[in-house]
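Counted the way our numbering counts, the sequence shown spans residues 1137 to 1475.
C-beta: ideal position from N, C-alpha, C; glycine also.
All values derive from a computational prediction rather than experimental measurement.
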Amino acid sequence: AEENNDQGAVEMGTVAEFLPGPSDLNNRPARDRIAGLWKEELPQGAGRTLMEMLEEARAGKLKSMLIIGENPVGSLPTAARAREALEQLDFLVCQELFLTETAALADVVLPACSYAEKDGTVTNTEGHVQQVRQAIEPIGESRPDWEILSALSVLMGYPLEYGESREILKEIRSLIPGYGLLGPTPTPPRLDQTVVDRYLREDYAEDLASRYALADEGQAARGSKKEGGFTLVVGQTLFHSGKLSTRAKGLLQIQAAGFLGLNPANAQQIRVADGDRVRISNEQGEMTTTVKLLDRVPEGLALFPEHFAEDARRLLHLSTDPQTGVPCYRTAQVKVERI
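Below you can see the structure in the form of structure tokens.
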């Protein structure tokens, strides 16, 4: 899966309101532990969310950004105005495998290594940590992410001074119990259950109820009823994951382009057949594609693969969760008609 390390990214503290662990930003014991390890006082306030950064860039308040392995111009809906925001920056740096839509706007592109060219870990949603081992040497001028960030830190006057990836794993192990069972370090004969219990009690489970509180369905789910027709849903398919898989020749032979998945009963109602060309439209724009009849698509829904959703992005409704700041943009109310 292209996004198989979402949980690992959270555990490293990349979410605006969390410390590594993940621990709450205001957790004093966690703050003291991390500050002692890093020998630096931690910031008091939460960082900015993606949508806040884009808003500040459009307003001219945010002057520069370093974007690592993300493509907001190519993945966010048109309503997010990501391109407009990034074009307002004085300086944009992208750390990437490919020249994405976002990287094409950058002043500097730093070539990063793929998973096959570096060591590391991935953590799935269940919390299982799996080790990734380097299989080939870095291609061309590409370098592992940690190496690039270490070099940048020296230039910025705050050297991280990592010599190899094992040093980073050692630091992670000192903060997050689950990573202690990885790699060549001898595994203790018995797991220290008190460490795990403390982690669950003081960090992860401390705010468990609020962590999984369901937000209101919002405009993204309801759409605009007056447009009628169908609820367009952008989702994944079996043979693709994100955007990287669309660069795989073998997978493109199986599924080369997007389509609109409709329930046969709905297709009969609007007089379209499998393989027909249709127009999908709402107040935000329109696009054309080919129909594919799928029994598994519920009546009233129209499914479009997110991996080929360049045109569909302009139709999607955008809302932001008021608690997490996460953008919601998977659905829209649309009209579907045969061309």
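- Query: Can you tell me the Cα-Cα spacing of R1184 and A1218, whole angstroms?
  - Reply: Taking the sequence shown and counting its residues from 1, the one referred to as residue 1184 is at position 48. Taking the sequence shown and counting its residues from 1, the one referred to as residue 1218 is at position 82. So the alpha carbons of these two residues sit roughly 15 Å apart.
- Message: Let me check understanding here. Comparing Cα to Cα, which of S1159, C1464, G1149 lies closest to R1337?
- Response: By 1-based counting over the sequence shown, the position of residue 1337 is 201. Residue S1159 is the option with its Cα nearest to R1337.
- DSSP state of F1154, grouped into three classes? In the sequence shown, counting from the first residue as 1, residue 1154 sits at position 18. DSSP places F1154 in strand when its eight states are reduced to three.
- Message: Going by C-alpha to C-alpha distance, which of Q1391, D1431, L1374, Y1294 sits closest to K1175?
- Response: Start at 1 with the first residue of the sequence shown, and residue 1175 comes out as number 39. Measuring from the Cα of K1175, the nearest candidate turns out to be Y1294.
- Message: Check whether the stretch 1402–1411 and the stretch 1455–1474 are in contact - that is, three or more C-beta pairs closer than 8 Å.
- Response: yes
- Item | CB of A1193 within 8 Å of CB of A1221, strictly | For the purposes of this step, residue 1193 is taken as residue 57 along the sequence shown, with counting starting at 1. For the purposes of this step, residue 1221 is taken as residue 85 along the sequence shown, with counting starting at 1. Yes, these two residues count as a Cβ contact at 8 Å.
- Task: Compute the beta-carbon to beta-carbon distance between L1235 and V1245, rounded to the nearest angstrom, for a pair I have assumed lies under 8 Å.
- Result: Walking along the sequence shown from the start, residue 1235 turns up at place 99. Walking along the sequence shown from the start, residue 1245 turns up at place 109. Correct: roughly 7 Å between the Cβ atoms.
- Reference Q1224; option with closest CA among V1332, Y1315, L1198, A1448: For this step, residue 1224 is matched to residue 88 along the sequence shown. Q1224 has its Cα closest to that of L1198, out of V1332, Y1315, L1198, A1448.
- Message: Which residue wins for smallest C-alpha separation from L1212, given the options V1332, L1374, L1186, V1290?
- Response: The count along the sequence shown starts at 1 and reaches residue 1212 at position 76. That would be L1186, whose Cα lies nearest to the Cα of L1212.
- Message: Among the candidates R1413, T1150, A1216, whose CA atom is the shortest distance from the CA of L1396?
- Response: Your numbering for residue 1396 matches position 260 in the sequence shown. If we check each option's Cα against that of L1396, R1413 comes out closest.
- Can you say whether F1227 is buried or exposed, counting buried as having 16 or more other CB atoms within 10 angstroms of its CB? The residue labelled residue 1227 in the question sits at position 91 within the sequence shown. That one is exposed.
- Query: Thinking C-beta only, is G1276 closer than 8 Å to P1247?
  - Reply: Position 111 of the sequence shown, counted from the start, is the residue given in the question as residue 1247. Position 140 of the sequence shown, counted from the start, is the residue given in the question as residue 1276. Yes.
- Task: Would you mind sorting I1416 into buried or exposed? The rule is 16 or more other CB atoms within 10 Å of its CB.
- Result: Within the sequence shown, numbered from 1, the residue matching residue 1416 stands at position 280. Buried, because 16 or more other Cβ atoms sit within 10 Å of the Cβ of I1416.
- Item | Segments assigned alpha helix (DSSP H), at least 4 residues, entirely inside the stretch 1360–1414 | 1385–1390, 1400–1405
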